[in-house]
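For reference, the structure discussed in these notes is given below.
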Amino acid sequence: MSGSAPALALEGIVAGIGPLTILDGVSLALSAREVVVVLGANGAGKTTLLRTIAGLLSPREGGIRLFGVPIEGRPAHLITRAGIGHVPSGRELFPRLTVGDHLDLAGRLSPPARRNELRERTLAMFPALGERLRQRAGTLSGGEQQMLAIARALMTDPRVLLLDEPSTGLAPKIVLSVFQTFPVLREQGVSVLLAEQSLTLGLSAADRAYIIDQGRIVLSGTARELANDHRVADTYLGR
Ligand SMILES: Nc1ncnc2c1ncn2[C@@H]1O[C@H](COP(=O)(O)OP(=O)(O)OP(=O)(O)O)[C@@H](O)[C@H]1O
Ligand SMILES: [Mg+2]
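With positions in the sequence shown counted from 1, the corresponding number in my numbering is that position plus 469.
Shown next as structure tokens:
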């Protein structure tokens with residue numbers, strides 16, 4: 470493992486479902502403690518990208534390195550163990566299981582000696598969940614469910630957290646409270662890769678951004694650069 474390697478680096482990732490190519494040579498990199506957003510319209514390939522990094526889909530070509538260590542092609546649970554947390558699109562909680570059950574299940578992927586510490590750290594980030602440990606996930610508000618999906622991923626002690634459109638279905642104020650966890654994660658040494666459809670929302674939350682269109686990265690830069698780049702809106706709205 471190299472000290473100067475990026476937290477996460479993708480090189481020429483090609484992936485798809487059956488004969489269908491969805492990601493067509495995606496390269497990107499994420500530094501330690503960086504918040505990076507992948508912006509793209511509906512169907513651009515954001516979810517496929519995060520699922521491929523998380524090991525739920527195997528790339529047909531290309532490499533994925535976590536702090537310099539190749540992880541592409543490994544099964545998802547080993548990628549989780551290696552340090553990648555995935556907060557899936559639509560949250561994918563178990564409605565009848567409690568908040569505490571979700572944290573316990575995810576904690577099983579971490580070393581037993583660390584579980585209590587992880588749980589304390591996670592609940593310190595989301596005090597509202599601590600008050601609802603015995604509540605079933607299906608009865609939580611949308612914002613609380615998103616917090617739980619993030620908390621569950623944090624129970625595996627990730628160094629890189631993948632967040633797939635956590636803003637979906639949430640009121641702007643609640644989205645803000647979800648995005649306010651990013652600086653806290655950064656302080657804890659976690660890098661964030663966020664997938665988002667909304668330009669303004671995504672650019673407001675990130676240091677840097679990549680724009681994905683039809684499975685290819687078409688633009689990248691700092692959030693500030695892209696906020697002032699007319700090509701961004703053209704890419705998005707021109708079709
Ligand atoms: N299981 C699947 N079978 C066939 N095609 C799929 C499948 N999953 C995704 N696709 C196709 O791959 C492309 C990328 O989809 P993906 O879900 O990655 O996009 P996305 O950027 O996450 O979109 P959204 O913003 O709607 O979540 C789309 O054209 C989609 O129709
Ligand atoms: Mg998606």
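C-beta: ideal position from N, C-alpha, C; glycine also.
Query                                                                                                                                                : Result
S660 and L499 look like a contact to me (Cβ under 8 Å); what is the Cβ gap, rounded to whole Å?                                                      : 5 Å
So, do the region 556-573 and the region 505-512 have three or more beta carbon pairs nearer to each other than 8 Å?                                 : no
Of all the options R603, E613, E586, which has the alpha carbon lying nearest to the alpha carbon of A597?                                           : E613
Can you tell me whether R708 is buried or exposed? The criterion is at least 16 other CB atoms within 10 Å of its CB, across all chains shown.       : Because the pLDDT at R708 is just 45, under 50, the model does not fix this residue reliably, and the value given afterwards should be weighed accordingly. Exposed.
For the beta strand (DSSP E) holding R677, just list the boundary residues, first then last.                                                         : 677-682
Look at the alpha carbon of F465 and the alpha carbon of L631, and state the distance between them as a whole number of angstroms.                   : For residue 465 there is no data in the structure shown, the boundaries of the chain being 470 and 708.
Using a 10 Å radius around the Cβ and a threshold of 16 neighbouring Cβ atoms, would you call M470 buried or exposed?                                : With a pLDDT of only 49 at M470, under the threshold of 50, the placement of this residue in the model should not be trusted, and no figure is reported.
Please say whether D633 and L477 have beta carbons closer to each other than 7 Å?                                                                    : no
Starting from the N-terminal end, write out each residue whose C-beta falls within a distance shorter than 7 Å of any non-hydrogen atom of ligand 2. : K515, T516, S558, D633, E634, A664
Who are the near neighbours of V568 in its chain, counting only those whose CB is closer than 7 Å to its CB and skipping five residues on each side? : L598, R601, L602, Q604, A606, L617
Could you tell me the distance, in whole angstroms, from the CA atom of R464 to the CA atom of H555?                                                 : Limits of the chain in this structure are 470 at one end and 708 at the other, which puts residue 464 out of reach.
Around the C-beta of L495, are 16 or more other C-beta atoms found within 10 angstroms, so that it is buried, or is it exposed?                      : Inspection of the sequence shows that residue 495 is occupied by Val rather than by Leu. With 16 or more Cβ atoms within 10 Å of its Cβ, V495 is classed as buried.
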